[in-house]
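One structure below.
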Amino acid sequence: MRILAVETSCDDSAVALLEDSSVVAERIHSQSIHSNHGGVVPELASRQHIEILPGLVKEVLSESGTSSLREIDVFAATAGPGLVGSLLVGLSWTKAAAFASGKQFLGINHLSAHLHAHYTGPDSIAFPAVALLVSGGHTCLFIMESWNRAVLLGSTRDDAAGEAFDKTAKLAGLGYPGGEALEKAAIDGNPGNVLLPSPLSDPTLPEFSFSGLKTAVKLQWESGADLADLAASFQKVVVDILVSKLLFQTDRSGAVSVLAAGGVTANNLLRSRLREECAKRGIALFLPDKKHATDNAVMVGRAAYAVIRENPSSSSSLSCNAFSRWSGTTLKPLCCT
Ligand code: KG4
Ligand code: ZN
25 MRILAVETSC DDSAVALLED SSVVAERIHS QSIHSNHGGV VPELASRQHI
75 EILPGLVKEV LSESGTSSLR EIDVFAATAG PGLVGSLLVG LSWTKAAAFA
125 SGKQFLGINH LSAHLHAHYT GPDSIAFPAV ALLVSGGHTC LFIMESWNRA
175 VLLGSTRDDA AGEAFDKTAK LAGLGYPGGE ALEKAAIDGN PGNVLLPSPL
225 SDPTLPEFSF SGLKTAVKLQ WESGADLADL AASFQKVVVD ILVSKLLFQT
275 DRSGAVSVLA AGGVTANNLL RSRLREECAK RGIALFLPDK KHATDNAVMV
325 GRAAYAVIRE NPSSSSSLSC NAFSRWSGTT LKPLCCT
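Per our numbering, residue 25 is the first one in the sequence shown, and the count goes up by one each step.
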């Protein structure tokens, strides 16, 4: 089954062609235009998607030896949550392509797609699993009973973890997005030299709060804290909170797998702590490779493949609209049935 997947939920334009769950060709274009603004400017992001997307599709089709859209079996695009103007670019293109070639269209939930970065077939992980989704827009814990049923345990009450990385990096003049730059800045730092609070750190609470941490970082920065020490301390506090809450839910639920997804899972400290703790417990850990931790279209294609594997006639209506927020309790890959 040939799946053409499109992702434009924020500031990355991405296209992938998959044969079932295997990647045949993919392109990701990260918009650098926002770095001057210290955050994503939605209007600029939408305009860039319009300019960039057709070229990415052409490259992916040509690399995969696809001469006509009629050779595609399923078209999938992220429907939300995300920036509505950005989402509409990928969603509208994909719906039009599916309609023109008379093929199925699937609108995919972005959060579910991050989890499906790990999907290669129904048995690719053992359930129950606990999933940590940690990105620029979301910080959530889920218990997964199957690929099609991830139940929300809790999420952030204010900023997402990636957002806290970005805001801290911005404060220190490290540009946007700042997660990777802040991680680099932390390499030579000593976290013990700067004391920061650990907000809502009780591991039994499956909720997060990072906005107070941001304020504490600001105060330390303004009183002259060393950048490397501050970055190291900030990173340690965030990683400790994420790992301890994830592990508590894993132990409590008797989960046999831990699945991590989203841009912040590119962070090496988080990756090594998760590897260490899951190995100690004999739990299978699923971490995305770094390229597929941040937004990409492969995860959208794999979510679409999971939907079709479960029910080959599934599709979304062509009136499927973009949406900015997801507020449910059970996360499913398919939107707008
Ligand atoms: O999943 P993603 O690409 O977009 C959303 O769905 O939000 O995640 C982007 C986020 C940004 O906040 C970025 O700073 C963060 O992931 N990030 C990192 C690292 N690489 C990306 N955070 C910490 N350490 C990193 N190495
Ligand atoms: Zn994302």
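Virtual Cβ for every residue (Gly too), placed ideally from N, Cα, C.
Item: Can you list, in chain order, the residues of its chain with a C-beta nearer than 8 Å to that of Tyr200? Leave out the 5 residues immediately preceding and following it.; Value: His58, Ser59, His61, Gly62, Gly63, Val64, Asp190, Ala193, Lys194
Item: Taking only the alpha-carbon atoms, compute the straight-line gap between Leu157 and Ile265 and give it to the nearest angstrom.; Value: 13 Å
Item: I want to check one thing, is the minimum distance from the CB of Gly286 to the heavy atoms of the ligand ZN below 7 Å?; Value: yes
Item: So who's on the other strand from Gln128, going by DSSP bridges?; Value: Val98
Item: Pull up the CB-CB distance for Ser222 and Arg181, whole angstroms please, since I reckon it's below 8 Å.; Value: No, Ser222 and Arg181 are not in contact; Cβ-Cβ is about 15 Å, not under 8 Å.
Item: What does the alpha-carbon distance come out to for the pair Pro228 and Gln273?; Value: Correcting the residue type first, residue 228 is Thr in the shown sequence and not Pro. Going by the C-alpha atoms only, they are around 8 Å apart.
Item: Tell me the residue span of the beta strand (DSSP E) that contains Glu231.; Value: Glu231 -> no beta strand (DSSP E), and no H or E assigned at all.
Item: Please confirm whether Phe347 and Pro105 have their CB atoms less than 8 Å apart.; Value: yes
Item: Cα separation between Thr354 and Val175?; Value: 4 Å
Item: Let me know the alpha helix (DSSP H) ranges lying completely inside the segment 196-226, each 4 residues or longer, listed in chain order.; Value: 203-210
Item: Can you tell which of Gly248, His138, Ser247, Ser159 has its C-alpha closest to the C-alpha of Val262?; Value: Ser159
Item: Spell out a yes or no on whether the segment 111-129 and the segment 27-41 are touching, meaning 3 or more CB-CB pairs, one atom from each, closer than 8 Å.; Value: yes
Item: Measuring straight from C-alpha to C-alpha, what distance separates Gly109 and Gly306?; Value: 44 Å
Item: Residue ranges of each alpha helix (DSSP H) run of no fewer than 4 residues wholly in the segment 235-298, ordered along the chain?; Value: 235-246, 251-277
Item: Straight-line CA distance for Phe258 to Arg295?; Value: 16 Å
Item: Do you know how far the Cα of Asn320 is from the Cα of Leu41?; Value: 12 Å
Item: Under 7 Å Cβ to Cβ from Pro146, same chain only, skipping five residues before and after it: list those, please.; Value: Trp171, Arg333
Item: Would you say His58 touches the ligand ZN, meaning its beta carbon is less than 7 Å from a heavy atom?; Value: no
Item: Tell me, which residues are paired with Thr90 by DSSP?; Value: Partner(s): none; Thr90 has no beta bridge.
Item: Note down, in chain order, each residue of its chain lying with its Cβ closer than 6 Å to the Cβ of Ala121, except the 5 sequence neighbours on either side.; Value: Leu93, Phe99
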